[in-house]
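The structure appears right after this line, and notes come after that.
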Amino acid sequence: MKKIEAIIREERLDAVKKALEEIGLIGMTVTEVSGRGQQKGIPLQWRVGEYRVDFLPKLKIEIICHDDDCNAAVDAIMKSAKTGRIGDGKIFVLPVEAAYRIRTAETGEAVV
Amino acid sequence: MDTGDTAWLLVSTALVMLMTPGLALFYGGMVRRKNLISTLMMSFSILALVGVLWIVFGYTLGFGPDIGGFIGNFHFFGMNNVGEAPSDVYATTVPHLIFMMFQGMFAIITVALITGAVVERIKFSALMVFAVAWLALIYGPISHWVWGGGWLAQLGVLDFAGGTVVHINAGVSALALVLLLGARKGFKKETMEPNNIPMVLIGASLLWFGWFGFNAGSALGSNGLAAEAFVTTNTAAAMAALTWILLSWRQRRPTLLGAATGAVVGLVAITPAAGYVTPLAAIAIGAIAACASYFAMNWRSKRNFDDSLDVFACHGVGGIVGALATGLFATVAVNAAGFDGLFHGNAMQLGKQALGVLATGGFALIGTLVIGKIIDKTMGLRVTEVEEVVGLDLSQHGERAYGGIK
Numbered sequence: 001m002k003k004i005e006a007i008i009r010e011e012r013l014d015a016v017k018k019a020l021e022e023i024g025l026i027g028m029t030v031t032e033v034s035g036r037g038q039q040k041g042i043p044l045q046w047r048v049g050e051y052r053v054d055f056l057p058k059l060k061i062e063i064i065c066h067d068d069d070c071n072a073a074v075d076a077i078m079k080s081a082k083t084g085r086i087g088d089g090k091i092f093v094l095p096v097e098a099a100y101r102i103r104t105a106e107t108g109e110a111v112v
Numbered sequence: 001m002d003t004g005d006t007a008w009l010l011v012s013t014a015l016v017m018l019m020t021p022g023l024a025l026f027y028g029g030m031v032r033r034k035n036l037i038s039t040l041m042m043s044f045s046i047l048a049l050v051g052v053l054w055i056v057f058g059y060t061l062g063f064g065p066d067i068g069g070f071i072g073n074f075h076f077f078g079m080n081n082v083g084e085a086p087s088d089v090y091a092t093t094v095p096h097l098i099f100m101m102f103q104g105m106f107a108i109i110t111v112a113l114i115t116g117a118v119v120e121r122i123k124f125s126a127l128m129v130f131a132v133a134w135l136a137l138i139y140g141p142i143s144h145w146v147w148g149g150g151w152l153a154q155l156g157v158l159d160f161a162g163g164t165v166v167h168i169n170a171g172v173s174a175l176a177l178v179l180l181l182g183a184r185k186g187f188k189k190e191t192m193e194p195n196n197i198p199m200v201l202i203g204a205s206l207l208w209f210g211w212f213g214f215n216a217g218s219a220l221g222s223n224g225l226a227a228e229a230f231v232t233t234n235t236a237a238a239m240a241a242l243t244w245i246l247l248s249w250r251q252r253r254p255t256l257l258g259a260a261t262g263a264v265v266g267l268v269a270i271t272p273a274a275g276y277v278t279p280l281a282a283i284a285i286g287a288i289a290a291c292a293s294y295f296a297m298n299w300r301s302k303r304n305f306d307d308s309l310d311v312f313a314c315h316g317v318g319g320i321v322g323a324l325a326t327g328l329f330a331t332v333a334v335n336a337a338g339f340d341g342l343f344h345g346n347a348m349q350l351g352k353q354a355l356g357v358l359a360t361g362g363f364a365l366i367g368t369l370v371i372g373k374i375i376d377k378t379m380g381l382r383v384t385e386v387e388e389v390v391g392l393d394l395s396q397h398g399e400r401a402y403g404g405i406k
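Listed in order, the protein sequences are those of chains A and B. If you use the UniProt record's numbering, the first sequence corresponds to residues 1 to 112, in order. If you use the UniProt record's numbering, the second sequence corresponds to residues 1 to 406, in order.
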């Protein structure tokens with residue numbers, strides 16, 4: 001089992017959701033996060049002049065999938081989240097040690 | 001007694017009351033979320049505190065029979081000699097009590113205005129003590145000088161609804177407190193993002209709405225002069241907001257925060273002139289005041305001087321522009337009880353207005369420095385560094401604006 005953590009633009013969520021559904025991945029957790037990458041925030045305006053906001057709002061999607069589905073999932077996110085402009089986000093893949101379904105007490109691959 | 005005048009003064013007084021919670025929201029939206037409750041609390045508790053003190057000693061110091069042109073005596077102490085019958089001197093067609101309360105609302109908002117300069121770092125207890133002393137020692141005398149028959153009134157200085165008594169007084173006092181308090185921790189290093197700009201707009205709109213009571217109410221009657229002041233007030237606010245929108249385009253884009261600020265500056269500047277000038281003059285006053293405040297704010301923001309919400313640039317500078325503009329644009333064609341200004345052939349009036357600005361500004365600056373210094377040496381003006389970092393909502397009030405986990 002793998003965990004995919006993708007930091008994406010807020011406005012790409014629908015496209016990413018759809019692309020993952022198409023390859024059969026329904027379950028996901030979405031969190032509003034803020035952070036910064038290479039472009040280091042954006043300028044906002046005050047009454048006069050401006051100030052820099054270091055951390056930009058993004059969404060973090062977390063998906064747990066079978067090892068076999070991982071590449072397809074990464075590929076789907078990569079294509080659907082891309083705009084080509086700076087700030088499109090990042091994808092991380094992590095190993096998952098164990099999984100449990102609370103309702104049925106199932107464990108392992110059956111949970112995903 | 002005139003029932004129409006009385007009805008209008010009752011309504012106006014209520015309108016001016018609404019300005020203080022409006023101010024709370026105007027200021028509250030601009031601070032960081034950890035200081036929102038604290039900022040709202042400052043204005044609201046001053047509404048309570050000065051609401052009581054005005055009855056006990058505030059009114060008599062400002063409007064009691066004259067002592068040497070400087071301050072009122074204790075003739076009206078605790079509402080002694082103030083009743084349902086009209087005063088012989090002030091607003092002679094309405095109950096003396098409602099004139100007193102109308103003036104009380106002015107005193108309340110003037111003290112509350114100052115808080116914008118010191119939010120996010122002043123100790124709540126120290127602010128309350130400061131408010132008591134400042135009301136007695138600064139607001140009392142200055143309101144007497146201009147409106148209570150004191151020396152500036154005798155000289156013929158014009159202040160229709162409080163450009164000098166309220167705005168210059170509060171703006172300069174704010175400056176004095178900033179000199180004593182210093183900048184907020186992290187000023188110019190950390191991002192201090194306003195927590196809620198829509199809240200700023202609600203506050204500014206309540207101020208604009210309440211200001212009709214402030215200015216048109218200052219006609220002290222339900223009459224043509226009230227209508228005149230109503231029109232000049234709205235016009236100046238609209239023009240100043242528009243000017244600020246245009247100015248901020250120079251620096252990228254127009255902002256809502258700027259538009260709301262512009263409106264407030266226009267309201268400030270028209271206040272001393274509202275019942276003495278024509279609507280066209282109000283357009284000029286709105287435009288000039290917005291430019292002056294905008295550039296004052298720009299200048300201030302480049303310096304290490306942390307007047308948090310620019311009380312001096314908005315109220316001090318706006319008030320000074322308005323007071324001087326009164327000396328330029330005033331005409332007896334609008335108000336026979338006033339005087340002509342420079343543009344109507346009376347250069348002397350501009351000199352008198354300038355004297356009013358200097359006397360009020362000088363007295364407010366020095367007086368507030370002395371009061372502030374004494375409080376700083378005895379109980380301390382500023383919260384500790386830890387309290388400031390945690391935020392004044394938790395450290396001063398044990399409350400927060402937004403709950404944690406839903």
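Backbone N, C-alpha and C define an ideal beta-carbon position, used for all residues, glycine too.
Item, Value
"Under the three-state DSSP convention, the category Lys60/A falls into", "strand"
"Sheet register partners of Gly72/B (DSSP bridge)", "Asp66/B"
"Separation of Gly64/B from Leu355/B, as counted between CA atoms", "24 Å"
"Distance, Val93/A Cα to Lys2/A Cα", "7 Å"
"Nearest residue (CA-CA) to Thr83/A, options Ile4/A, Arg12/A, Glu5/A and Lys90/A", "Arg12/A"
"Interface partners of Gln45/A on chain B, CB under 8 Å", "Ser248, Gln251, Arg252, Arg253, Thr255, Leu257 and Gly258"
"CB-CB length for Arg184/B against Glu228/B, believed under 8 Å", "Incorrect: roughly 42 Å between the Cβ atoms, too far for contact."
"Of the residues Asp69/A, Ile86/A and Leu44/A, the one placed nearest Glu109/A, counting alpha carbons only", "Asp69/A"
"Ala313/B and Leu267/B closer than 8 Å at C-beta", "no"
"Under the three-state DSSP convention, the category Phe339/B falls into", "coil"
"Contact list for the region 180-199 of chain B against chain A, Cβ threshold 7 Å", "Thr191 and Glu193"
"Reduced DSSP secondary structure (H/G/I, E/B, other) of Ala6/A", "strand"
"Coarse secondary structure for Gln103/B, derived from DSSP in three states", "helix"
"Thr261/B: contacting residues in chain A (beta-carbon distance under 8 Å)", "Arg47"
"For Ile102/A, three-class secondary structure by DSSP", "coil"
"Entirely enclosed alpha helix (DSSP H) segments - the region 216-252 of chain B, minimum 4 residues", "224-249"
"N-terminal and C-terminal residue of the beta strand (DSSP E) that Tyr51/A is part of", "Glu50 to Val53"
"Range of the contiguous alpha helix (DSSP H) that encloses Gly362/B", "Ala347 to Thr378"
"Distance, Ala296/B Cα to Leu40/B Cα", "26 Å"
"Beta-carbon spacing of Ile37/B, Arg400/B below 8 Å", "yes"
"Short CB-CB distance (under 8 Å) between Tyr51/A and chain B", "yes"
"For Ser87/B, three-class secondary structure by DSSP", "coil"
"Strand pairing of Ile122/B, partner residues [DSSP]", "Arg382/B"
"Asp393/B classed as buried or exposed, judged by whether at least 16 other C-beta atoms fall within 10 angstroms", "buried"
"Leu220/B beta carbon less than 8 Å from that of Leu9/B", "yes"
"Those residues which DSSP pairs with Ser34/A across a bridge", "Pro57/A"
"Contact set for Asn35/B: own chain, Cβ-Cβ below 7 Å, skip 5 residues either direction", "Val119, Glu120, Gly391, Leu392 and Asp393"
"Length of the line joining the Cα atoms of Thr115/B and Leu280/B", "33 Å"
"Span separating the alpha-carbon of Gly29/B from that of Arg300/B", "21 Å"
"Contact test: Ser395/B Cβ vs the ligand PLP heavy atom, cutoff 7 Å", "No copy of the ligand PLP appears in this structure; indeed no ligand is present at all."
"Where Phe295/B sits in the DSSP three-state scheme", "helix"
"Residues sharing a beta bridge with Cys65/A, DSSP", "Lys2/A"
"C-beta contact flag for Thr164/B and Ala347/B at 8 Å", "no"
"Other residues of its chain near Asp54/A: CB distance less than 6 Å, five sequence neighbours each side excluded", "Arg36 and Gly41"
"For Gln396/B, three-class secondary structure by DSSP", "helix"
"Under 8 Å between C-beta atoms of Lys282/B and Thr235/B", "In the sequence under discussion, the amino acid at residue 282/B is Ala, which differs from the Lys named in the question. Their beta carbons are under 8 Å apart, which means Ala282/B touches Thr235/B by this criterion."
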